[in-house]
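Protein chains in written order, with my numbering: chain D, 739 to 962; chain H, 54 to 174.
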């Protein structure tokens with residue numbers, strides 16, 4: 739009987755391919771965000787809202803992951819991005835293999851900013867690194883204020899957080915301090931942007947943050 | 054969590070760590086799963102049994118070590134283990150606490166048996 743010490747992440751095979759994706763993005767000078775959220779929280783709306791402020795200065799690419807349809811890739815293209823749709827055929831998250839397929843289909847040398855819209859899911863996506871630079875979670879007010887407590891893995895695995903649909907705060911019993919407390923316990927110091935894709939509130943600060951990160955040319959790097 | 058994908062990755066990781074060129078079977082696989090990581094042992098076991106069949110891992114037993122999340126309190130400095138859901142500092146009751154660790158999804162070590170060893174026992 740021989741004991742072999744491994745001490746490796748179980749998902750190491752995916753991590754290794756993610757690292758290859760990352761090298762490829764860096765070589766093409768593409769800064770990338772992995773947008774994660776529950777279905778309906780506002781991933782596609784955020785992309786649509788970001789495009790007018792970006793498209794004159796930056797070339798934006800989108801990889802959209804969904805179980806079915808190309809609805810979201812079409813919305814991204816309508817908004818002015820070059821977009822490809824990945825249909826996962828049932829897999830509930832994107833992974834490094836699928837992102838590679840998306841990268842293969844995009845003209846990376848003609849893109850400055852890549853927005854990857856992950857499959858709507860608060861559980862699995864955060865465990866499967868893609869090779870993107872920044873993990874973004876879009877929480878939303880109607881989902882409720884207890885989500886950090888219920889989905890600790892997701893909240894720990896992100897680099898920045900948006901809370902969308904703040905225009906609904908007068909109508910929904912969402913305790914912002916309870917929500918923020920959960921976030922702070924799991925991911926101390928996490929930057930949070932309260933926004934409304936519907937009214938536009940708060941988006942200017944988010945856009946500034948993205949543009950600064952892009953100009954700096956680096957991701958935050960906490961989860962590498 | 055997508056246990057099928059995890060099982061697939063696990064099989065690849067184990068096979069990669071068995072030295073090449075020797076005739077061996079994997080007998081035991083030791084996993085470290087943090088409290089805050091979302092893996093269901095039984096589901097992983099289920100998919101593992103399917104994927105490992107007809108490989109050198111066919112008879113390997115999975116061992117799950119569930120590791121609690123480690124917490125620290127900013128107010129009183131207490132460090133404590135979290136086995137259930139997020140809770141306030143057990144010493145001073147403050148909610149100014151934070152997670153130190155708890156996401157592990159780790160293949161810790163494996164045990165293999167050379168085929169000749171098996172024939173001798």
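Cβ atoms here follow ideal geometry from the backbone N, Cα and C, with glycine treated the same way.
Taking the alpha-carbon positions, what's the residue i to residue j distance?
i: residue 940 (chain D); j: residue 118 (chain H); result: 44 angstroms
i: residue 56 (chain H); j: residue 752 (chain D); result: 14 angstroms
i: residue 960 (chain D); j: residue 161 (chain H); result: The predicted model places residue 960 (chain D) with a pLDDT of 36, which falls under 50 and marks its position as unreliable, so this point remains unresolved.
i: residue 944 (chain D); j: residue 740 (chain D); result: 53 angstroms
i: residue 845 (chain D); j: residue 823 (chain D); result: 14 angstroms
i: residue 757 (chain D); j: residue 772 (chain D); result: 14 angstroms
i: residue 868 (chain D); j: residue 168 (chain H); result: 39 angstroms
i: residue 748 (chain D); j: residue 870 (chain D); result: 20 angstroms
i: residue 124 (chain H); j: residue 863 (chain D); result: 24 angstroms
i: residue 795 (chain D); j: residue 948 (chain D); result: 13 angstroms
i: residue 911 (chain D); j: residue 110 (chain H); result: 51 angstroms
i: residue 958 (chain D); j: residue 873 (chain D); result: Here residue 958 (chain D) scores only 47 on pLDDT, less than 50, and its place in the model should not be relied on; the value that follows carries that caveat. So the alpha carbons of these two residues sit roughly 9 angstroms apart.
i: residue 759 (chain D); j: residue 839 (chain D); result: 10 angstroms
i: residue 90 (chain H); j: residue 153 (chain H); result: 14 angstroms
i: residue 86 (chain H); j: residue 817 (chain D); result: 42 angstroms
i: residue 884 (chain D); j: residue 80 (chain H); result: 42 angstroms
i: residue 141 (chain H); j: residue 850 (chain D); result: 44 angstroms
i: residue 892 (chain D); j: residue 899 (chain D); result: 11 angstroms
Using a C-beta to C-beta distance shorter than 7 angstroms, which residues of chain H count as neighbours of residue i?
i: residue 924 (chain D); result: 152
i: residue 780 (chain D); result: Ordered by position in chain H, no residue passes the 7 angstroms Cβ test against residue 780 (chain D), which lies about 23 angstroms from the chain.
Counting C-beta neighbours from all protein chains within 10 Å, is the total for residue i 16 or more, i.e. buried, or is it exposed?
i: residue 60 (chain H); result: buried
i: residue 962 (chain D); result: The pLDDT assigned to residue 962 (chain D) is 35, lower than 50, so where the model puts this residue is not dependable, and the model offers no usable value.
i: residue 743 (chain D); result: exposed
i: residue 916 (chain D); result: exposed
i: residue 909 (chain D); result: exposed
i: residue 129 (chain H); result: exposed
i: residue 897 (chain D); result: buried
i: residue 156 (chain H); result: buried
i: residue 74 (chain H); result: exposed
i: residue 99 (chain H); result: exposed
i: residue 855 (chain D); result: buried
i: residue 780 (chain D); result: buried
i: residue 116 (chain H); result: exposed
Which bits of chain H does residue i rub up against, with CB to CB less than 8 angstroms?
i: residue 887 (chain D); result: 138 and 139
i: residue 829 (chain D); result: 55 and 58
Residues of chain D with CB under 9 angstroms from residue i, in chain order?
i: residue 89 (chain H); result: 890, 891, 894 and 924
i: residue 96 (chain H); result: None at all; the shortest Cβ gap to chain D is about 12 angstroms.
i: residue 159 (chain H); result: 744, 745, 746, 747 and 748
In chain D, which residues lie less than 7 angstroms from residue i when you measure between Cβ atoms?
i: residue 65 (chain H); result: 751
i: residue 148 (chain H); result: 919
i: residue 156 (chain H); result: 891 and 894
For residue i, which residues in chain D fall below 8 angstroms Cβ to Cβ?
i: residue 162 (chain H); result: 741, 742, 743, 744 and 745
i: residue 166 (chain H); result: 739 and 740
For chain A, find out if any of its Cβ atoms is closer than 9 angstroms to the Cβ of residue i; answer yes or no.
i: residue 817 (chain D); result: No chain A appears in the structure shown, which is made up of the protein chains D and H.
Members of the stretch 741 to 767 of chain D near chain H, C-beta cut-off 7 angstroms: If the cut-off is 7 angstroms between Cβ atoms, the stretch 741 to 767 of chain D has 741, 742, 743, 744, 745, 746, 747, 748, 749, 750, 751 and 752 near chain H.
Contact residues within the stretch 105 to 133 of chain H, judged by C-beta distance below 7 angstroms to chain D: none
Selection of the stretch 898 to 916 of chain D by Cβ proximity to chain H, strictly under 9 angstroms: none
Minimum length 3: unbroken beta strand (DSSP E) runs contained in the stretch 825 to 861 of chain D: 851 to 855
Chain-ordered residues of the stretch 842 to 869 of chain D with a beta carbon less than 7 angstroms from chain H: 861, 862 and 865
Alpha helix (DSSP H) segments (min. 4 residues) lying fully within the stretch 863 to 922 of chain D: 885 to 888 and 890 to 894
Complete runs of the beta strand (DSSP E) confined to the stretch 69 to 131 of chain H [at least 3 residues]: The stretch 69 to 131 of chain H contains these whole beta strand (DSSP E) runs: 77 to 87, 114 to 120 and 122 to 126.
Unbroken stretches of the beta strand (DSSP E), 3 residues or longer, contained in the stretch 771 to 815 of chain D: 798 to 804
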